[in-house]
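Student: Below you will find the structure I want to go over with you.
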Amino acid sequence: MPEEDQGVQILAPAKSHPRSDEEYAPIKPKSSTPTSSSKCPVYLLAAIVLLTAIALVFSLVVLRPNTPDVELSQVIIEDLKYGNYSPNPSLNMTLSAEIRIKNSNFGKYEFENSTASVLYEDVVVGEAKLGQGSVSARKTERMSAVVDVRSQRLSDTKNLSRDISSGMLKLSSYARLSGKVLLIKKIKKQKTAIMNCTMTLNLRSRSVQELLCS
Ligand SMILES: *[C@@H]1O[C@H](CO)[C@@H](O)[C@H](O)[C@H]1NC(C)=O
Ligand SMILES: *[C@@H]1O[C@H](CO)[C@@H](O)[C@H](O)[C@H]1NC(C)=O
Ligand SMILES: *[C@@H]1O[C@H](CO)[C@@H](O)[C@H](O)[C@H]1NC(C)=O
Ligand SMILES: *[C@@H]1O[C@H](CO)[C@@H](O)[C@H](O)[C@H]1NC(C)=O
1 MPEEDQGVQI LAPAKSHPRS DEEYAPIKPK SSTPTSSSKC PVYLLAAIVL LTAIALVFSL
61 VVLRPNTPDV ELSQVIIEDL KYGNYSPNPS LNMTLSAEIR IKNSNFGKYE FENSTASVLY
121 EDVVVGEAKL GQGSVSARKT ERMSAVVDVR SQRLSDTKNL SRDISSGMLK LSSYARLSGK
181 VLLIKKIKKQ KTAIMNCTMT LNLRSRSVQE LLCS
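Its first residue numbered 1, the sequence shown is counted upward by one per residue in our numbering.
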């Protein structure tokens with residue numbers, strides 16, 4: 001309390017005229033209090049604006065979950081057998097793939113069991129089970145998958161025959177990972193990450209080319 005009085009006394013002579021007629025008038029300092037208290041709402045407003053801005057940035061950056069990126073990062077042909085037998089062309093192979101999951105969120109991503117499919121002309125010709133897992137905040141995880149591709153799953157093999165003779169087959173790969181992004185404390189947001197890739201199988205070089213993921 002004595003400190004406050006001192007502060008007011010220092011302020012008072014500076015504001016009032018140097019004329020010492022009413023130097024010890026105690027009313028003057030009281031009249032200066034409304035000006036100092038009128039600054040209070042300004043600071044309060046500035047603080048509210050600042051806190052709102054921080055909350056907005058926080059909610060935009062931290063609380064808005066991004067869908068993790070799922071891509072095939074590598075596909076290796078382990079085993080390949082094919083024959084362009086007249087009525088029934090056939091192709092069997094084992095693909096060893098590496099799936100990369102990139103989580104750009106500020107929270108962990110937990111995903112459930114799923115299936116990765118390999119398709120030829122929109123028909124599933126091979127599948128691999130993907131186990132559940134998680135990716136830490138702002139990290140990338142890799143999963144491996146082995147897919148057995150069997151052309152006997154196709155009902156129409158006309159184009160397969162054409163593609164085997166050309167030596168180039170277009171394949172696509174698809175997986176849907178349903179999971180949750182863990183935000184602060186107990187807030188979880190459902191996010192389904194989709195892997196959708198296309199590739200060209202080169203029968204002569206026994207390799208996968210033009211691997212592209214969207
Ligand atoms: C592919 O596998 C099927 C059975 O799984 C078999 O009948 C066929 O002969 C195989 N094709 C080749 C080219 O080995
Ligand atoms: C995921 O797969 C594993 C092993 O196949 C199984 O034990 C587990 O119960 C599955 N989890 C769910 C949520 O289906
Ligand atoms: C075979 O290929 C042609 C031309 O690329 C396409 O129009 C047709 O839909 C294909 N057939 C099947 C069964 O996908
Ligand atoms: C996969 O991506 C292609 C474009 O790259 C798109 O045309 C197609 O519809 C997508 N498939 C699925 C199942 O999302």
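Using N, Cα and C, we set each Cβ at its ideal position, and we do this for glycine too.
Taking its Cβ as the centre, do 16 or more other Cβ atoms sit within 10 Å of E71, making it buried, or is it exposed?
Tutor: buried
Student: May I ask you to report which of helix, strand or coil DSSP gives K108?
Tutor: coil
Student: Taking all protein chains shown into account, do 16 or more other C-beta atoms lie within 10 angstroms of the C-beta of A193, making it buried, or fewer, making it exposed?
Tutor: buried
Student: Between L203 and the rest of its own chain, which residues show a CB-CB distance below 8 Å, the 5 nearest in sequence each way excluded?
Tutor: Exclusion of the five residues before and after L203 leaves L80, Y82, I164, G167, M168, L169 as the residues of its chain whose Cβ lies within less than 8 Å of its Cβ.
Student: Checking 7 Å against the spacing of the C-beta atoms, do M195 and V208 come in under that value?
Tutor: no
Student: Could you please give the first and the last residue of the uninterrupted alpha helix (DSSP H) stretch that includes D163?
Tutor: 158-166
Student: Going by DSSP, what residue range makes up the beta strand (DSSP E) through L212?
Tutor: 207-213
Student: Could you give the distance in angstroms between the alpha-carbon of N159 and the alpha-carbon of K188?
Tutor: 46 Å
Student: Buried or exposed: where does N88 fall if 16 or more other Cβ atoms within 10 Å of its Cβ makes it buried?
Tutor: exposed
Student: Nearer than 6 Å: is that true of the beta carbon of Q190 relative to any heavy atom of ligand 2?
Tutor: Result no, Cβ not under 6 Å from ligand 2.
Student: Using the DSSP secondary-structure output, state which residues sit across from C197 in a beta bridge.
Tutor: S173, C213
Student: Quick one: what's V181 bridged to in DSSP?
Tutor: DSSP links V181 through a beta bridge to Y109, K189.
Student: I'd like to know whether the C-beta atoms of S90 and E78 end up nearer to each other than 7 Å.
Tutor: no
Student: Can you list the residues near ligand 4, meaning Cβ strictly closer than 7 Å to any non-hydrogen atom, in the order they appear in the chain?
Tutor: Y174, I194, N196, T198, S214
Student: Look at the alpha carbon of R64 and the alpha carbon of R206, and state the distance between them as a whole number of angstroms.
Tutor: 43 Å
Student: Measuring alpha carbon to alpha carbon, tell me which residue in V49, A145, L182, S214 is nearest Q242.
Tutor: Because the chain spans 1 through 214 in this model, residue 242 falls outside it and cannot be assessed.
Student: Identify which residue in L44, T94, S114, P41 has its Cα closest to the Cα of Y174.
Tutor: Nearest option by C-alpha distance: S114.
Student: Where do the N-terminal and C-terminal ends of the beta strand (DSSP E) with A116 fall, by residue?
Tutor: It spans 114-120 - the beta strand (DSSP E) in which A116 sits, taken as one unbroken run.
Student: With DSSP as the reference, please indicate the residues paired to L72 in a beta bridge.
Tutor: I99
Student: How about S134 and E110: do their beta carbons lie closer than 7 Å?
Tutor: yes
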